[in-house]
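Under our numbering, the first residue of the sequence shown is numbered 2, with each subsequent residue one higher.
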Amino acid sequence: MEKKILNVGVISCSNMAEGHMKGVIAHPQAKLVAVCDINLEKANTVAARRGVSRVYQDYKELLAQPDIDAVIIVTPDHLHREMAIAALEAGKHVLCEKPLALNRDDINAIAAAVKKSDKKFMVGQICRYTPSFKMVKDIISRGEIGDLVFVESEYAHDYEKILKACEDWKSDPERWRSNPERNGVVGGGCHAVDLLRWIIGGDPEEVRAYSTKKIFTDLPYDDTHISIMRFPNNVMAKVFVSVSCKRDYTMRSVFYGTKGTIIADNRNAQIEVFRTEIAGETVGSLIPQKPNSEVSVKFPVAIANHNATAEFEDFADIVLNDKPVNTTVFEGAKSVAACFAIVEAAKKGQPVIPDYNF
Ligand SMILES: NC(=O)c1ccc[n+]([C@@H]2O[C@H](COP(=O)([O-])OP(=O)(O)OC[C@H]3O[C@@H](n4cnc5c(N)ncnc54)[C@H](O)[C@@H]3O)[C@@H](O)[C@H]2O)c1
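Given below as structure tokens:
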């Protein structure tokens with residue numbers, strides 16, 4: 002029997018979109034058949050490089066192509082709502098970049114469209130495919146560091162090269178990161194929040210936060226936030242988000258459990274796991290040699306902080322084999338809702354209970 006081939010269109014020709022295109026091209030059961038960008042010159046250049054013959058400036062024309070089974074939406078965040086809904090209504094499976102959307106109204110509209118559709122809809126929470134974080138999740142799931150007590154993650158990403166602060170951000174398609182609703186927390190910090198939600202397996206119940214703006218002073222939002230959260234089962238968490246700190250995109254993350262600790266980040270070729278022997282017990286692969294001595298093991302990992310290929314493999318498997326989506330619209334929505342709570346808590350100077358009703 003002939004294998005089914007998934008015909009895919011990618012909406013936008015940004016760098017991130019090119020990562021997605023590579024994932025599609027590498028997949029044995031997928032074909033990149035069309036690309037789109039409002040910047041037609043860019044779209045033509047990318048299409049030529051990727052060997053794609055169909056190029057569109059208007060995403061609606063791409064969606065009107067009956068042979069396209071699935072689309073990947075990689076446009077600025079405020080456009081996700083209209084494109085996600087239009088794609089579902091056109092009968093396409095959708096892989097939509099994070100953050101799902103920038104406000105509650107947009108989230109509700111996308112969630113309603115997903116509920117109405119029989120197509121797959123997946124949110125691109127790509128940190129779930131980062132090799133170091135996958136290893137952290139596996140070690141914690143096997144109980145090797147016991148019950149989680151305190152966890153932290155950072156979204157440290159100097160936007161100096163990609164952000165031109167601009168009040169009138171809508172007038173310039175390159176300046177969408179200045180949109181106040183796209184404040185660094187929702188736009189980028191959703192990675193750190195989603196990572197913790199995924200690893201803990203629960204949602205923040207209460208959020209406190211502070212914020213400041215010392216570097217990008219003309220941005221319409223605070224460029225740095227720090228938040229303390231309480232998760233179910235009394236797991237405490239800290240999320241640091243800065244789009245101005247002098248560091249290239251890094252997610253330094255630490256996980257303290259009752260039996261051990263893990264330090265990981267997405268730009269390091271190893272993760273480090275620490276354990277102390279507890280009452281002679283040995284758990285998993287880490288066996289301390291002496292009573293009460295700490296053992297530390299460094300596990301090598303591949304560095305792939307934008308593992309779009311693995312993400313697409315998962316998406317293609319879900320679509321081709323009719324499997325359930327893991328990173329559903331509600332998963333993407335909850336991560337963004339927790340981010341809304343961070344921003345609100347910092348503004349109000351009071352704890353906020355995130356609203357997960359979608
Ligand atoms: N998962 C990740 O780690 C990750 C990393 C980077 C970006 N992103 C997300 O990917 C999306 C794109 O970000 P980026 O940094 O790649 O963007 P970018 O600013 O580099 O490029 C955006 C592209 O979208 C095009 N575009 C704008 N409006 C359009 C429209 N109406 N129709 C078609 N094309 C249009 C622009 O011309 C441009 O080529 C955002 O949602 C962003 O948050 C995710």
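Built from N, CA and C at the ideal position, the CB exists for glycine as well. Please read all numbers here as calculations on a predicted model, not as lab measurements.
What does the alpha-carbon distance come out to for the pair residue i and residue j?
| i | j | result |
| --- | --- | --- |
| Ala157 | Arg253 | 8 Å |
| Arg130 | Ala311 | Here residue 130 turns out to be Tyr, not Arg, going by the sequence shown. Going by the C-alpha atoms only, they are around 6 Å apart. |
| Met237 | Lys247 | 27 Å |
| Phe256 | Val187 | 22 Å |
| Glu273 | Asn8 | 41 Å |
| Pro301 | Lys135 | 12 Å |
| Ala338 | Met22 | 29 Å |
| Glu62 | Lys120 | 19 Å |
| Val25 | Ser13 | 14 Å |
| Arg105 | Leu197 | 21 Å |
| Tyr60 | Val34 | 14 Å |
| Glu207 | Glu182 | 21 Å |
| His81 | Tyr57 | 18 Å |
| Glu42 | Asn267 | 33 Å |
| Ala166 | Pro29 | Because Ala166 sits at a pLDDT of 47, beneath the cut-off of 50, its placement in the model cannot be relied upon, and the point is left open. |
| Ala85 | Lys138 | 29 Å |
| Lys260 | Pro100 | 34 Å |
| Phe359 | Asp224 | 28 Å |
Could you tell me if residue i is buried or exposed, where buried requires 16 or more neighbouring beta carbons within 10 angstroms of its beta carbon?
| i | result |
| --- | --- |
| Gly189 | buried |
| Ile264 | buried |
| Ile111 | buried |
| Asp315 | buried |
| Gly281 | Bear in mind that the predicted position of Gly281 carries a pLDDT of just 45, short of 50, making it unreliable; the figure below should be weighed with that in mind. Exposed, since its Cβ has fewer than 16 Cβ neighbours within 10 Å. |
| Asn180 | buried |
| Asp323 | exposed |
| Ala49 | exposed |
| Ser1 | The requested residue 1 does not occur in the structure, where the chain is confined to residues 2 to 359. |
| Gly125 | buried |
| Arg143 | exposed |
| Ala102 | buried |
| Lys213 | Here residue 213 turns out to be Thr, not Lys, going by the sequence shown. Classification for Thr213: exposed. |
| Thr76 | buried |
| Asn184 | buried |
| Asp318 | exposed |
| Glu155 | buried |
| Ser336 | buried |
| Ile200 | buried |
| Gly258 | buried |
| Asn308 | buried |
| Lys348 | exposed |
| Ala18 | buried |
At a cut-off of 7 Å, is residue i close to ligand 1 when judged by its beta-carbon and the heavy atoms of the ligand?
| i | result |
| --- | --- |
| Pro77 | yes |
| Ala18 | yes |
| Asn40 | yes |
| Ser254 | no |
| Leu197 | no |
| Lys43 | yes |
| Cys340 | no |
| Gly125 | yes |
| Gly188 | yes |
| Ser179 | no |
| Ile216 | no |
| Glu98 | yes |
| Ile12 | yes |
| Tyr60 | yes |
| Ser154 | no |
| Leu80 | yes |
| Ser363 | This structure leaves residue 363 out entirely; the chain is present only between 2 and 359. |
| His307 | yes |
| Ser15 | yes |
| Cys37 | yes |
Contact criterion: CB-CB distance below 8 Å. Does residue i meet it with respect to chain B?
| i | result |
| --- | --- |
| Lys116 | Of the chains in the structure shown, none is chain B; there is only one protein chain. |
Given 7 Å as the limit, tell me if residue i has its C-beta closer than that to any heavy atom belonging to ligand 2.
| i | result |
| --- | --- |
| Phe300 | No copy of ligand 2 appears in this structure; the ligands present are ligand 1. |
_I'd like the ranges of any alpha helix (DSSP H) spanning at least 4 consecutive residues and lying wholly in the segment 18-105._
41-51, 60-64, 81-90
_If we require 4 or more residues per run, which alpha helix (DSSP H) segments fall completely within the segment 250-334?_
309-321
*Runs of beta strand (DSSP E) wholly within the segment 151-228 (minimum 3 residues, chain order)*: 207-213
*Mind listing, in chain order, the continuous alpha helix (DSSP H) runs of no fewer than 4 residues lying wholly within the segment 106-156?*
132-142
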